[in-house]
Amino acid sequence: MQRQGNFYIFTFAAIVCIIVSIIVALSATALKPRQVRETRLDIVRNILSVSGLSEDEIQSMNPDEVLSSFQKNFSPLILDKNNNQTERTELETPLLGLGYTQEELSKMYAFELVTVFSKKIPLLAKRAGQSVNDFDPGYKLVFLNMKDNDVFQYILPIDGYGLWGMMYGYVAIDRDLVTVKGIRFYKHQETPGLGGECEKPWFTDQYIGKKILNQNGDFVSVNIVKGKAGDFYSGQDLDHYIDGISGATITGDAINAFLKDDITKFEPYFQSIRTGTGGEK
Amino acid sequence: MSPADTAENSVITSSVSIFGKKERKAAFDPMWDNNPITLQILGICSALAVTTAMKTALVMSISVIVVLALSNIIVSSIRNLIPAKIRIIVMLSVVSSLVILVDQILRAYFLDLSKQLSVFVGLIITNCIILGRAEGFALQNKPWTSFLDGIGNGIGYSLILIIVAFFREFLGKGEFFGFAVIPESFYSMGYQNMGLMILPPGAFIILGLLIWLQRSLSGKFEH
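So the protein lines, in turn, are chains R and X.
Using the working numbering, you'd call the opening residue of the first sequence number 1194 and step up by one each time.
Using the working numbering, you'd call the opening residue of the second sequence number 16 and step up by one each time.
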């Protein structure tokens, strides 16, 4: 066959396209379950870590133990934008209409279900004939760390824009809903050695024991100062401030802003617990 | 001459051609005399981006070696079938499917590293070394020689990447493969990590010094 003829070129191109797409599609489908599992494990390990488990302990667990420990000790709670508790079925029903099977949906962890739902919001809004803003139920998650049938910690996802890109993390708040028990940033693109120090223990450990409410009960969050917190504040004020990372003022400001925003979203829910169960400390 | 003798002879001749002069040249030249980074100045972008730590540099190196060797084999085996007019796009589709494959495998088995390498695995597609070797070598040579050329160039690239990463991680963070190697007492005596090394200029400086050193040692420089 003539190698430079148009017919040959088109046939050749078509064959290459078909073979290449089959290979790519096969590999993507074959590796999907494993990728989903790895992503899930990654999130679960981060939640375990922020709840106070040491890295060594987490490393020593095999994947099944990690997942079962999470299932046993943590119960995820889905809240809508008015901070009303939402059942899984409220998210599942609309997704069933989009072709997901009940079996698929039941296998998902709550955080995966919320992620899938958020991705489908534009489509669901269109079907409901509403604008995305009107439709969006604003689902968010809080992980309740349970001990002896009682909530022992509240773990909130936090995320926001840092210096170079999105930063993702978790913050753990004690059952008194005032004291921070831990913070982790598990995904960020901050400069290593500068903003990247935000993942180092010397920095994250400073958050432990800090308070998000001042003595009047007003929400103030925990803020990073530029320099040493001790140089600016003293006494009880020090409960709300921590030392900054030198050379990373913008990262610090960014963390302050999104930490405050993200906790604020849950404040009405926390407030209802604080007032509702006043007797319980 | 008995048939057995001829068979033996042919084994000898073919074993010579399996690793003959040409093959050795294909495999070893790119490691030193014709190093893709220091002499051809190809693939600099990723050499800057993934060399802040040795672990990421190593994974990137392995990925590039695999992609380069396989793309060279594939392009070389179909070299007589590829129409000249669309050869670049055909090579690109071969390379990009291989890169997607590597990316998917990393995501399934090494999620942590895949997150650290982020977009740079995908950007292997645009690494000039890969398309350069496919166009410049695999299209004219047999699969086996092309495979060796791919491995050789991949290793040549990896060597530089790992050397740059070693200096950046050691000087910038005081670490080796993520383990702190500079004792605490040094820090208390006033030693400080060189933050510049972690930033892109650090990579440029080290790479520049390496190119200078390598060219003067190998004697291959432009007058």
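From the three backbone atoms N, C-alpha and C, an ideal C-beta is built for every residue, glycine too.
None of the values given here were measured: they were computed from a predicted structure.
Could you check if residue i is buried or exposed, using at least 16 other CB atoms within 10 Å of its CB as the buried criterion?
i	result
residue 224 (chain X)	exposed
residue 1250 (chain R)	exposed
residue 1346 (chain R)	buried
residue 57 (chain X)	buried
residue 60 (chain X)	exposed
residue 1421 (chain R)	exposed
residue 62 (chain X)	buried
residue 134 (chain X)	exposed
residue 1408 (chain R)	exposed
residue 234 (chain X)	exposed
residue 1203 (chain R)	exposed
residue 165 (chain X)	buried
residue 1286 (chain R)	exposed
residue 1383 (chain R)	buried
residue 95 (chain X)	exposed
residue 195 (chain X)	exposed
residue 1396 (chain R)	buried
residue 11 (chain X)	Any question about residue 11 (chain X) goes unanswered here, given that chain X covers just 16 to 238.
residue 1375 (chain R)	buried
residue 1321 (chain R)	exposed
residue 239 (chain X)	Shown here, chain X extends from 16 to 238; a query on residue 239 (chain X) therefore has no answer.
If you drop the 5 nearest sequence neighbours on each side, which residues of the same chain put their C-beta closer than 6 angstroms to that of residue i?
i	result
residue 1210 (chain R)	none
residue 1183 (chain R)	There is simply no residue 1183 (chain R) to check, as chain R begins at 1194 and stops at 1474 in what is shown.
residue 197 (chain X)	189
residue 226 (chain X)	53
residue 1365 (chain R)	1243, 1244, 1346, 1348, 1374 and 1375
Can you give me the Cβ contacts of residue i inside the same chain, cut-off strictly under 8 angstroms, excluding the 5 residues immediately before and after it?
i	result
residue 1315 (chain R)	1325
residue 70 (chain X)	128, 131, 192 and 193
residue 177 (chain X)	69, 72, 73 and 76
residue 1329 (chain R)	1274, 1314 and 1318
residue 1254 (chain R)	1262
Where does residue i sit, in a helix, a strand or coil, going by DSSP?
i	result
residue 1428 (chain R)	helix
residue 1269 (chain R)	strand
residue 1231 (chain R)	helix
residue 205 (chain X)	coil
residue 1406 (chain R)	strand
residue 168 (chain X)	helix
residue 1378 (chain R)	strand
residue 1435 (chain R)	strand
residue 1202 (chain R)	helix
residue 1211 (chain R)	helix
residue 34 (chain X)	coil
residue 135 (chain X)	helix
residue 1417 (chain R)	strand
residue 1412 (chain R)	strand
residue 1383 (chain R)	coil
residue 1249 (chain R)	helix
residue 44 (chain X)	helix
residue 22 (chain X)	A caution first: residue 22 (chain X) carries a pLDDT of 44, below 50, which makes its placement in the model unreliable, though a value can still be read off. Helix at residue 22 (chain X).
residue 212 (chain X)	helix
Who are the Cβ neighbours of residue i in its own chain at under 7 angstroms, not counting the five residues just before and after it?
i	result
residue 51 (chain X)	45, 57, 58, 144, 168, 171 and 172
residue 1310 (chain R)	1284, 1288 and 1332
residue 1238 (chain R)	1251 and 1259
residue 209 (chain X)	186 and 187
residue 43 (chain X)	167
residue 1399 (chain R)	1435 and 1436
residue 1304 (chain R)	1236, 1269 and 1334
residue 92 (chain X)	158
residue 25 (chain X)	Low per-residue confidence applies at residue 25 (chain X): pLDDT is 44, beneath 50, and the placement is therefore not dependable enough to give any value.
residue 122 (chain X)	129
| field | Proximal residues, the stretch 1247-1268 of chain R versus chain X, C-beta separation under 9 angstroms | value | Listed by position, the residues of the stretch 1247-1268 of chain R near chain X (Cβ gap below 9 angstroms) amount to none.
| task | Kindly provide the ranges of any beta strand (DSSP E) runs that are 3 or more residues long and lie completely inside the stretch 1336-1373 of chain R, ordered along the chain. | result | Whole beta strand (DSSP E) segments, 3+ residues: 1343-1354 and 1359-1367.
| task | Only counting runs of 4 or more residues, tell me where the alpha helix (DSSP H) segments fall wholly within the stretch 1265-1336 of chain R, in order along the chain. | result | Listed in chain order, the alpha helix (DSSP H) runs fully inside the stretch 1265-1336 of chain R are 1281-1289, 1295-1300, 1303-1321 and 1325-1328, counting runs of at least 4 residues.
| request: Can you check the stretch 139-196 of chain X for any beta strand (DSSP E) of at least 3 residues that lies completely inside it and give the ranges in chain order? | output: Restricted to the stretch 139-196 of chain X, not a single beta strand (DSSP E) segment is unbroken, complete and at least 3 residues in length.
| field | Contact residues within the stretch 1425-1457 of chain R, judged by C-beta distance below 9 angstroms to chain X | value | Close to chain X, meaning a Cβ-Cβ distance shorter than 9 angstroms, are the following residues of the stretch 1425-1457 of chain R: 1440.
| task | Run through the stretch 63-118 of chain X for me and flag every whole alpha helix (DSSP H) of 4 or more residues, listed as ranges in chain order. | result | Taking only runs of at least 4 residues, the alpha helix (DSSP H) segments lying wholly in the stretch 63-118 of chain X are 69-92.
| message | What are the residues in the stretch 112-130 of chain X lying within 8 angstroms of chain R by C-beta distance? | response | Of all residues in the stretch 112-130 of chain X, the ones placed with a Cβ closer than 8 angstroms to any Cβ belonging to chain R are 112, 115, 116, 119, 120, 122, 123, 124, 126, 127 and 130, in chain order.
| request: Name, going along the chain, the residues of the stretch 82-110 of chain X whose beta-carbon falls closer than 9 angstroms to a beta-carbon of chain R. | output: 93, 95, 96, 97, 98, 99, 100, 101, 104, 105, 108 and 109: these are the residues of the stretch 82-110 of chain X whose beta carbon lies less than 9 angstroms from some beta carbon of chain R, given in chain order.
| Listed from N- to C-terminal order along the chain, which residues in the stretch 1227-1246 of chain R have their beta-carbon within a distance smaller than 9 angstroms of any beta-carbon of chain X? | Cβ contacts with chain X: 1227, 1228, 1230, 1231, 1232, 1234 and 1235.
| Chain-ordered residues of the stretch 183-211 of chain X with a beta carbon less than 8 angstroms from chain R | Across the stretch 183-211 of chain X, CB contacts with chain R closer than 8 angstroms involve 187, 188, 208 and 210, in sequence order along the chain.
| Proximal residues, the stretch 130-155 of chain X versus chain R, C-beta separation under 8 angstroms | For the stretch 130-155 of chain X, the residues whose beta carbon sits under 8 angstroms from a beta carbon of chain R are, in order, 130 and 133.
| said: Tell me which residues of the stretch 169-182 of chain X have at least one Cβ-Cβ distance to chain R shorter than 7 angstroms, keeping chain order. | reply: Within the stretch 169-182 of chain X, no residue has a Cβ that lies closer than 7 angstroms to any Cβ of chain R.
| message | Taking beta-carbon pairs under 7 angstroms, can you tell me which members of the stretch 1350-1365 of chain R lie near chain X? | response | Within the stretch 1350-1365 of chain R, no residue qualifies.
| message | Closer than 8 angstroms between beta carbons: that is the criterion. Which residues of the stretch 209-233 of chain X meet it against chain R? | response | Residues 210, 213 and 214.
| What residues in the stretch 1214-1226 of chain R bring their beta carbon closer than 7 angstroms to a beta carbon of chain X? | Taking 7 angstroms as the Cβ-Cβ cut-off against chain X, the residues of the stretch 1214-1226 of chain R that qualify are 1216, 1217, 1220, 1221 and 1224.
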